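Under the numbering used here, the first residue of the sequence shown is numbered 5, with each subsequent residue one higher.
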Amino acid sequence: MIKKWFEIVSDHRISLRERMFRIVTGVCMIAITFTLPMGRSIWNILIMVASLVLMAVIVKASIRRKRVQTGATVIAVLLLSLFPITFFSAGGFYSGVPEWFVLCFIYVCITLQGRRRTVFFGLCTVETMLCYGTAFYFPEIAAPSSSHNALFDSAFSMIMVGLLTSILLMFLNKMYEEENALSQRQKKEIEELNRAENHFFSSMSHEIRTPINTIIGLNEIILREDISEEVAENARNIQGASKMLLSLINDILDISKIKSGKMEIVNVSYETGALFSEIVNMIWIKAKEKGLEFKLQVDSSIPSMLCGDEVRIKQILINLLNNAVKYTSEGSVTLSVRCERQTVNRVRVWYSVEDTGQGVKKENIPYIFNAFRRVDEERNRYIEGTGLGLSIVQQLVNLMGGEISVNSVYTKGSKFIVMLDQDIVDERELGTFTLASRARAHEGEPYRQSFEAPEAHILVVDDNDMNLMVVTKLLADTKIQIDTASSGAECLRLTQSHHYDCILMDHMMPEMDGIQCLHALRMQPAGLCQDAPVVALTANAGSDNQLLYRKEGFSGYLAKPVSGALLEAAVLSILPKGLVQRNEEARQAEIEKDILIFEQAQRRSILVTTDSVCDLPASLRRNFNISVCPYYVCTEEGRFLDGQEMYPDELLMHIAGGRKGSSQPPEVEDYERFFAEKLTEAQNIIHITMAKHVSEGYQNALEAAKSFENVTVIDSGHLSSSMGLAVLCAAYMAEHHAAKAEIVEAVKRMEHFISSAFIINSTHMMCQSGRISKKIQILCDALLLHPVLELKKSRMVVGRMELGSFSQASKRYIRQTLQDTRNIDRRILFITYSGMEEKQLQHIQSLVQQYCPFERVYLQKASSAIASNCGPGSFGLLFLRRDDAAVPFFETPDWNGAA
Ligand code: ADP
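Dropping the structure here:
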């Protein structure tokens, strides 16, 4: 019986509550059995035995009827009734019974729930007080007990209750541990299941895209032929149906990605004009076909380039516009875009899509964003849809940190408004953007290839023969010589003996996938295509793949199913111009950015980048094409991007208010994103960082660079504008087509010729950022000591201390720094400062002129990240020492315009 009881209490199929009920009731029954000998009368013993039997019956009945709570309540009542009887018959508080009553409290606590538990706690307490009170005031009621008996009873009860309670806790603990292990196991299984589900969705989407690619491709070839109107009509219907199927697959894939938290927002710089024209081109024709007027109102003050997830913004707007066209039978569809400046570098953009269609009933509005939910089913019976679109739109908007709202009047029309904040990349205004200037008709025109290139030779690699056939046929009219390979290995065999002007490479292939094949190609000994442009042909659509393909070194990517026009556009932009004969009359190829990214053609060879702490004037950065990756500035209010979300003056005001502020370098992922984006502009990146022992920026950038083949990270050994000097030199050399090795060499050499020293007014911020101890700070303040910080071997050291008032100390610092005039390169000086007044700066400038006049002096405000380290009232004189070989950019005057 005991074995059975053990089996039951460890059986996971039985509910936890029932098992606990069994355990605790069992323990209480054991307790009653032990108190039996304490009963002084036969009646008393009989009552207890009857209670035991009754309890066993209650447990059995309540479990059978699944009324555990009721059973527990009845048993609690029984225990409460037994207590006074045994208490007084065993000798009142001079017995062991009170100890046993503790178990009644435990019983109530474990088996009862909610209000019942509270009530029974109250009852237990009241009963204990009453029994004790009665025994105290009327001691004659309690049966007499010898002190010997009382002592024995009490000690025995104490030990037994202690033991039973411990056993009970051990049991419960074991049960909880088992339950915990079980739920962990189940969690793992669910995660595994989720992973399998996602894998299933993505491979399903991949597998379905491959045959659709064939259908769409071959169908396009049929449409190009000279066919009867009836066949053409059928072919157009096939085209429509396949596109519909494709968009459905994309939606399902998106939903599964969002659900599993794998949907990533990839922010890139994009042209607002190009985005709107693409959207207009897609929607305008649909509206026209339905007899609807399409209106466009774009705020002319929108910056011409913004930074955001262009692909997803387009997806959101197209979804809303498609719905507007779908649910409107007459009238118009209007897209309006308006923007408002948030900060210097950020705008808030409102996109509104308004229609004069059927609208949504007020009571249905809360449900339209639910996945798979279509409202007003009766009315929408003949309108195609799945109810996924708006759900995806809403979740994408949320992921981008924006908002979406809807205003709709049933039977009159709807207005969807999306609000998104975006960074400004180019402030120039977009200007007037009209429909007529952007929309272009393309339906119904006969196909004509956009170019011919009979001398060009390309290779298409795909494990699916149908795909190879489709690409070959779609490009047939361009007369390009096309070879095909059905595996990575075959591709490598062909490139051993042939040179190709371009390679179109499938991603997912068995044995060697497209990415592995590309890497092998780049390192192929004696291979003839080591530098050939390779375009990924992929069924893995999605903006996050942009990053992947870019990172791996592809020249661009084309998402399957690919249309003839896109293929032509892709190949055209890659083939050497000398091999191509353009067909002027042919219509312009449509290049949709989510499908195709081609950068190679416009990319410069080397781009010099650095961190926001380089403290170079914006004009110099612009003229030398220097991009900066922002550091972070951390305050109690959060983490802000240096120079974008937090400006030096704001930070200094914050610090002046007695609050904290510190800097933090970009994280590895920040650098990865930055490099990936910059690699759209250049084939190689040289990134120059702050001294490696001063900040972790160098290590992080180095780590991020490992993900790319063509990013070189150099430690400038300096910080602020002195690091800026190295950056300027590198950028100048890059502009003048110096080789990568030359630039790297020059920057490394320069480290020893840059003079980098700052004088600090108050050591308060240095102490706060942990660079000096509190004791030293107090000492410096008390003795009016101002440290001069210098950079040596990539470390910041205190070079010397200046004594006295800050103005005297500054004067001595300037004199001493500029002492060795013969060795100073006088062409450029940065006076980089933090929190100083105009008058002080003028004074510093005049002192500099007095000791060592420079040709060009830049008064540069230190970035917030630098300011957070040295605090207000600090400045540095940063310049180069003479070294004829190291600084080529001063030899020519063409950077003058930059001043
Ligand atoms: P569907 O594939 O059904 O269009 P959506 O998620 O895009 O799915 O939209 C959900 C529901 O919201 C639609 O079924 C429709 O009833 C309603 N709806 C969406 N946009 C509009 C609109 N512009 N006018 C009227 N009703 C709309």
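Think of the CB as a built atom: it goes at the ideal place given N, C-alpha and C, for glycine as much as any other residue.
Everything numeric in this text was worked out from a predicted model, so none of it was measured.
I'd like to know whether the C-beta atoms of residue i and residue j end up nearer to each other than 8 Å.
{"i": "residue 52", "j": "residue 36", "result": "yes"}
{"i": "residue 656", "j": "residue 460", "result": "no"}
{"i": "residue 532", "j": "residue 464", "result": "no"}
{"i": "residue 836", "j": "residue 725", "result": "yes"}
{"i": "residue 79", "j": "residue 62", "result": "yes"}
{"i": "residue 21", "j": "residue 81", "result": "no"}
{"i": "residue 793", "j": "residue 803", "result": "yes"}
{"i": "residue 400", "j": "residue 353", "result": "no"}
{"i": "residue 428", "j": "residue 409", "result": "no"}
{"i": "residue 99", "j": "residue 157", "result": "yes"}
Report the three-state DSSP secondary structure of residue i (helix, strand or coil).
{"i": "residue 331", "result": "coil"}
{"i": "residue 533", "result": "coil"}
{"i": "residue 591", "result": "A caution first: residue 591 carries a pLDDT of 44, below 50, which makes its placement in the model unreliable, though a value can still be read off. The answer is coil: DSSP assigns residue 591 none of H, G, I, E or B."}
{"i": "residue 157", "result": "helix"}
{"i": "residue 662", "result": "coil"}
{"i": "residue 458", "result": "coil"}
{"i": "residue 764", "result": "coil"}
{"i": "residue 411", "result": "strand"}
{"i": "residue 170", "result": "helix"}
{"i": "residue 540", "result": "strand"}
{"i": "residue 73", "result": "helix"}
{"i": "residue 39", "result": "helix"}
Output needed for residue i: all residues of its chain with C-beta closer than 7 Å, excluding positions within five of it in sequence on either side, in chain order.
{"i": "residue 778", "result": "771"}
{"i": "residue 855", "result": "818, 819 and 822"}
Applying the criterion that 16 or more other CB atoms from any shown protein chain within 10 Å of the CB defines a buried residue, is residue i buried or exposed?
{"i": "residue 691", "result": "buried"}
{"i": "residue 167", "result": "exposed"}
{"i": "residue 241", "result": "exposed"}
{"i": "residue 307", "result": "buried"}
{"i": "residue 790", "result": "buried"}
{"i": "residue 824", "result": "exposed"}
{"i": "residue 609", "result": "exposed"}
{"i": "residue 141", "result": "exposed"}
{"i": "residue 754", "result": "buried"}
{"i": "residue 133", "result": "exposed"}
{"i": "residue 59", "result": "buried"}
{"i": "residue 113", "result": "exposed"}
{"i": "residue 274", "result": "buried"}
What residue range is occupied by the uninterrupted alpha helix (DSSP H) comprising residue i?
{"i": "residue 693", "result": "That residue, residue 693, is in no alpha helix (DSSP H); its beta strand (DSSP E) goes 686-693."}
{"i": "residue 511", "result": "First-last for residue 511: undefined, no H or E at that position."}
{"i": "residue 68", "result": "46-68"}
{"i": "residue 141", "result": "118-141"}
{"i": "residue 648", "result": "Residue 648 -> no alpha helix (DSSP H), and no H or E assigned at all."}
{"i": "residue 864", "result": "Unbroken run through residue 864 is the beta strand (DSSP E), 861-865; no alpha helix (DSSP H)."}
{"i": "residue 378", "result": "No alpha helix (DSSP H) holds residue 378; DSSP gives it neither H nor E."}
{"i": "residue 276", "result": "276-293"}
{"i": "residue 838", "result": "Note, residue 838: premise wrong, no alpha helix (DSSP H); beta strand (DSSP E) at 828-838."}
{"i": "residue 727", "result": "724-739"}
{"i": "residue 577", "result": "568-578"}
In chain order, what residues of the same chain have a beta carbon less than 6 Å from the beta carbon of residue i, not counting five sequence neighbours either side?
{"i": "residue 477", "result": "225"}
{"i": "residue 470", "result": "218"}
{"i": "residue 484", "result": "457, 460 and 462"}
{"i": "residue 338", "result": "299 and 358"}
Can you tell me where the beta strand (DSSP E) with residue i in it begins and where it stops?
{"i": "residue 815", "result": "It is not in any beta strand (DSSP E) - residue 815 instead sits in the alpha helix (DSSP H) that spans 810-821."}
{"i": "residue 344", "result": "336-347"}
{"i": "residue 396", "result": "Looking at the DSSP string, residue 396 is not in any beta strand (DSSP E); the run it does join, the alpha helix (DSSP H), is 393-403."}
{"i": "residue 875", "result": "Run containing residue 875: none; DSSP gives neither H nor E here."}
{"i": "residue 489", "result": "485-489"}
{"i": "residue 298", "result": "297-302"}
{"i": "residue 307", "result": "307-312"}
{"i": "residue 633", "result": "631-633"}
Excluding the 5 residues flanking residue i on each side, which residues of the same chain have their C-beta closer than 8 Å to its C-beta?
{"i": "residue 239", "result": "223, 226, 227 and 231"}
{"i": "residue 128", "result": "84, 105, 108, 109 and 112"}
{"i": "residue 433", "result": "304, 305, 306, 307 and 308"}
{"i": "residue 850", "result": "none"}
Practice item. Let me have the residue list for the ligand ATP: C-beta closer than 6 Å to any non-hydrogen atom, ordered along the chain. Key: This structure lacks the ligand ATP; its bound ligands are the ligand ADP.
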